[in-house]
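Q: Read left to right, the sequence shown gives residues 1 to 166 (this note's numbering). Cβ atoms here follow ideal geometry from the backbone N, Cα and C, with glycine treated the same way. This is the structure I have questions about; it appears just below.
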Amino acid sequence: MDKKGRIITEETAYARMARTCSQKECAPFDIARKLKRMELPEPVIDKIINRLKKEKFLDEKRFIRSYIHDKLHFNKWGKRKITLFLKHKQLPQELIEEGFTELSDISFSLSLQPILEKKWNSVTGKSDYEKRGKLIRYALGRGFSMEEVMACMKQMKIGDTFDETE
C-alpha cells in the first residue's frame with residue numbers, strides 16, 4: 001500500500017524502483033526494504049529485484065564502486081568504516097574486496113593527512129599526549145587503521161614520542 005492506502009501492483013512497484021535506481025545507485029538491500037514498506041509479498045520483491053538486476057538498474061559492483069568513492073572523497077571515511085557500512089547493506093565480501101582493489105592505499109593515506117592536520121589544530125588537551133590520544137580516537141572512529149594513523153602522525157611529526165610526562 002502507498003501513503004494514501006491504495007494497493008500497489010507489481011508493475012507500479014517496479015516502475016517506482018526503476019525510477020529510484022535511475023536517479024541514484026542503490027543496493028538490493030535498500031530496494032528490498034522499500035518494497036517491504038509497500039507491503040509486497042516476498043516472492044514479488046525477489047522478482048522485482050531480479051528484474052531490476054537483469055535490466056541493469058541494479059548492479060552491486062557499480063554500487064560498491066560508487067559508495068567507496070563517495071565515502072572516501074566526500075565523507076573522508078577509512079576502509080574499515082566503509083567496509084562495515086557495505087556489510088550492513090548485505091553485500092558479498094568478495095565484491096567489497098574487489099571494490100577496494102581498484103583503489104590504492106595511498107588514496108586513503110592522502111585523505112587522512114588533511115583530516116588529521118585540521119583536527120590537530122582544533123583538538124584541546126592538557127598535554128600533547130592527551131591531544132594525540134584524542135586525535136587517534138578520532139581517526140579510528142573515521143574508519144582508518146591504527147597503522148595508517150600512526151604512519152600519518154609520524155609523517156606530520158606529531159606522534160614522535162608518547163611520553164605521558166609532557
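Rounded to whole angstroms, what's the CA-CA distance from Phe-100 to Glu-39? Just pull it up for me.
A: For Phe-100 and Glu-39, the distance between alpha carbons rounds to 36 Å.
Q: Across the region 121-139 and the region 55-65, are there enough close Cβ pairs to call them in contact, namely three or more that are closer than 8 Å?
A: These segments do not touch.
Q: Using the C-alpha atoms, what's the distance from Ala-13 back to Gln-155?
A: Each residue's Cα considered, the two are about 53 Å apart.
Q: Going by DSSP in three states, Asn-50 sits in which element: helix, strand or coil?
A: The answer is helix: DSSP assigns Asn-50 an H, G or I state.
Q: Rounding to the nearest angstrom, what Cα-Cα distance links Pro-28 and Ile-96 in this structure?
A: The straight-line gap from Cα to Cα measures roughly 14 Å.
Q: Hey, Leu-52 and Ile-31 are a contact pair by Cβ (cut 8 Å); roughly how many whole angstroms apart?
A: With 8 Å as the limit, Leu-52 and Ile-31 qualify as a contact, their Cβ atoms being about 7 Å apart.
Q: Between which two residues does the alpha helix (DSSP H) containing Ala-32 stretch?
A: Its alpha helix (DSSP H) spans residues 28-37.
Q: Would you mind working out which of Gly-5, Cys-26 and Arg-16 sits nearest Gln-90, comparing C-alpha positions?
A: For Gln-90, the nearest C-alpha among the options comes from Cys-26.
Q: To the nearest angstrom, how far is it from the Cα of Pro-92 to the Cα of Lys-131?
A: Looking at the two C-alpha atoms, the distance is approximately 38 Å.
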